[in-house]
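Participant: My questions will all concern the structure given below.
Residue numbers (the numbering used here), protein chains in the order written: chain L, 23 to 134; chain Y, 3 to 114.
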């Protein structure tokens with residue numbers, strides 16, 4: 023049973039436009055959510071996180087929105103740049119413990 | 003400041019063999035986590051070590067074992083390799099639990 027789901031395997035966006043990556047979760051005990059970005063042949067790198075006590079967190083071009091009632095979070099990238107082309111993973115943890123549960127990832131392609 | 007380094011980067015083993023993967027954590031980090039990432043999936047938590055003690059374990063059989071050393075480097079050992087163990091093995095270090103994880107580039111294991 024997948025507790026964290028990223029239903030779009032890939033997403034293609036025009037450079038300069040907004041990229042919206044979505045993530046759904048089933049475990050209501052999750053209280054901390056993170057987004058990681060992964061380039062080929064590299065390990066994932068941390069992008070942005072959000073605690074369940076917030077509904078929005080912003081860092082430069084990246085904003086994460088959390089809708090607890092819908093058990094849904096999204097990552098907005100504005101404006102999208104060619105260097106944003108990568109696989110994006112959503113991850114979650116429960117009760118601030120050690121174990122991150124990951125989605126399968128969404129491959130973002132930024133078209134020039 | 004050196005990042006997380008893993009070795010070897012690629013290796014091929016046959017079914018039934020044993021393998022040891024190594025990880026040097028980022029300077030100042032006392033927590034190491036190991037993840038298995040199968041093709042097309044998100045990373046799956048194997049276990050975590052904090053100050054040389056196992057601090058949590060995912061749903062992996064006992065033939066997956068680990069160590070953390072006084073310098074906070076770590077090893078992942080897998081005995082009696084199976085074909086399904088073929089995956090990218092990621093090591094991540096952090097300073098606190100559940101801190102932001104810093105990943106190495108991974109060790110790609112192929113079991114034939």
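Here a beta-carbon is modelled for each residue, glycine too, at the ideal position from N, C-alpha and C.
In chain order, what residues of the same chain have a beta carbon less than 6 Å from the beta carbon of residue 85 of chain L, not counting five sequence neighbours either side?
Facilitator: The residue labelled residue 85 of chain L in the question sits at position 63 within the first chain. Same-chain partners within the cutoff: 98.
Participant: Determine the contact status of residue 114 of chain L and residue 52 of chain L, defining contact as a CB-CB distance below 8 Å.
Facilitator: Within the first chain, the letter at position 92 stands for residue 114 of chain L. Within the first chain, the letter at position 30 stands for residue 52 of chain L. Going by C-beta atoms, residue 114 of chain L is nearer than 8 Å to residue 52 of chain L.
Participant: May I ask you to verify whether the region 8-15 of chain Y touches the region 54-67 of chain Y, counting CB pairs closer than 8 Å and requiring at least 3?
Facilitator: The region 8-15 of chain Y, when compared against the region 54-67 of chain Y, does not touch it at the 8 Å Cβ threshold.
Participant: If we require 3 or more residues per run, which beta strand (DSSP E) segments fall completely within the region 61-88 of chain Y?
Facilitator: DSSP runs (the beta strand (DSSP E)) wholly in the region 61-88 of chain Y: 66-70 and 76-80.
Participant: Write down the C-beta distance between residue 107 of chain L and residue 39 of chain L rounded to the nearest angstrom, noting that I regard them as a contact closer than 8 Å.
Facilitator: The residue given as residue 107 of chain L occupies position 85 in the first chain. The residue given as residue 39 of chain L occupies position 17 in the first chain. Not confirmed; about 13 Å, so no contact.
Participant: Tell me the DSSP secondary structure of residue 53 of chain L in three-state form.
Facilitator: Within the first chain, residue 53 of chain L is the residue found at index 31, counting from 1. Strand, per DSSP.
Participant: Which class does residue 105 of chain L belong to by DSSP, given the choice of helix, strand or coil?
Facilitator: The sequence position of residue 105 of chain L within the first chain is 83, counting from 1. Correct three-state label for residue 105 of chain L: helix.
Participant: Can you tell me whether residue 18 of chain Y is helix, strand or coil according to DSSP?
Facilitator: As a first step, residue 18 of chain Y is located in the second chain; it is residue number 16 there, counting from the start. Coil, per DSSP.
Participant: Between residue 65 of chain L and residue 106 of chain Y, which are expected to be in contact by the criterion C-beta below 8 Å, what is the C-beta distance as a whole number of angstroms?
Facilitator: As a working note, residue 65 of chain L is residue 43 in the first chain. As a working note, residue 106 of chain Y is residue 104 in the second chain. Right, their Cβ atoms sit about 5 Å apart.
Participant: Counting Cβ pairs closer than 8 Å, one from the region 69-83 of chain Y and one from the region 81-96 of chain L, do we hit at least three?
Facilitator: Output reads no: the region 81-96 of chain L does not touch the region 69-83 of chain Y.
Participant: Compare the C-alpha of residue 18 of chain Y against each of Y/55, Y/86, Y/32 and Y/42 and name the closest.
Facilitator: For the purposes of this step, residue 18 of chain Y is taken as the residue at position 16 of the second chain. Here the closest residue by C-alpha is Y/86.
Participant: From the beta carbon of residue 43 of chain Y, is the nearest beta carbon of chain L less than 8 Å away?
Facilitator: Residue 43 of chain Y sits at position 41 when you count from the first residue of the second chain. Interface residue, yes.
Participant: What residue range is occupied by the uninterrupted beta strand (DSSP E) comprising residue 46 of chain L?
Facilitator: Taking the first chain and counting its residues from 1, the one referred to as residue 46 of chain L is at position 24. Run containing residue 46 of chain L: 41-47, per the beta strand (DSSP E) assignment.
Participant: Taking any Cβ of chain Y, which residues in the region 61-88 of chain L have a Cβ under 9 Å from it, in chain order?
Facilitator: So the close ones are 63, 64, 65, 66, 67, 68 and 71.
Participant: Name the chain Y residues whose beta carbon is nearer than 8 Å to that of residue 125 of chain L?
Facilitator: Taking the first chain and counting its residues from 1, one reaches residue 125 of chain L at position 103. In chain order: 44.
Participant: Taking the alpha-carbon positions, what's the residue 74 of chain L to residue 114 of chain Y distance?
Facilitator: Locating residue 74 of chain L in the first chain gives position 52, counting from the first residue. Locating residue 114 of chain Y in the second chain gives position 112, counting from the first residue. So the two alpha carbons sit approximately 43 Å from each other.
Participant: Going by the beta-carbon positions, is the gap between residue 21 of chain Y and residue 95 of chain Y smaller than 8 Å?
Facilitator: On the second chain, residue 21 of chain Y is found 19 positions in, with the first residue counted as 1. On the second chain, residue 95 of chain Y is found 93 positions in, with the first residue counted as 1. No; because the gap between Cβ atoms is not below 8 Å, this pair is not in contact.
Participant: By DSSP's criteria, residue 31 of chain Y is part of a beta bridge. Which residues make up the other side?
Facilitator: Looking up residue 31 of chain Y in the second chain gives position 29. The partner list for residue 31 of chain Y (beta bridge, DSSP) is empty, contrary to what the question assumes.
Participant: Less than 8 Å between the C-beta atoms of residue 49 of chain Y and residue 58 of chain Y, yes or no?
Facilitator: The residue given as residue 49 of chain Y occupies position 47 in the second chain. The residue given as residue 58 of chain Y occupies position 56 in the second chain. The answer is yes: Cβ separation under 8 Å.
Participant: Taking beta-carbon pairs under 7 Å, can you tell me which members of the region 85-115 of chain L lie near chain Y?
Facilitator: The residues in question are 111 and 115.
Participant: Please report how far the alpha carbon of residue 49 of chain L lies from the alpha carbon of residue 122 of chain L, in whole angstroms.
Facilitator: As a position in the first chain, residue 49 of chain L is number 27, starting the count at 1. As a position in the first chain, residue 122 of chain L is number 100, starting the count at 1. Going from the Cα of residue 49 of chain L to the Cα of residue 122 of chain L covers about 12 Å.
Participant: Count the other C-beta atoms from every protein chain shown that fall within 10 angstroms of the C-beta of residue 28 of chain Y, then say buried if there are 16 or more, exposed otherwise.
Facilitator: Locating residue 28 of chain Y in the second chain gives position 26, where the first residue counts as 1. Residue 28 of chain Y comes out buried.
Participant: DSSP on residue 74 of chain L, reduced to helix/strand/coil?
Facilitator: Taking the first residue of the first chain as 1, we reach residue 74 of chain L at position 52. Here residue 74 of chain L sits in coil by DSSP.
Participant: What residues match up with residue 48 of chain Y in a beta bridge as DSSP calls it?
Facilitator: Along the second chain, read from residue 1 onward, the residue named residue 48 of chain Y stands at position 46. BP columns for residue 48 of chain Y are empty, so no partner.
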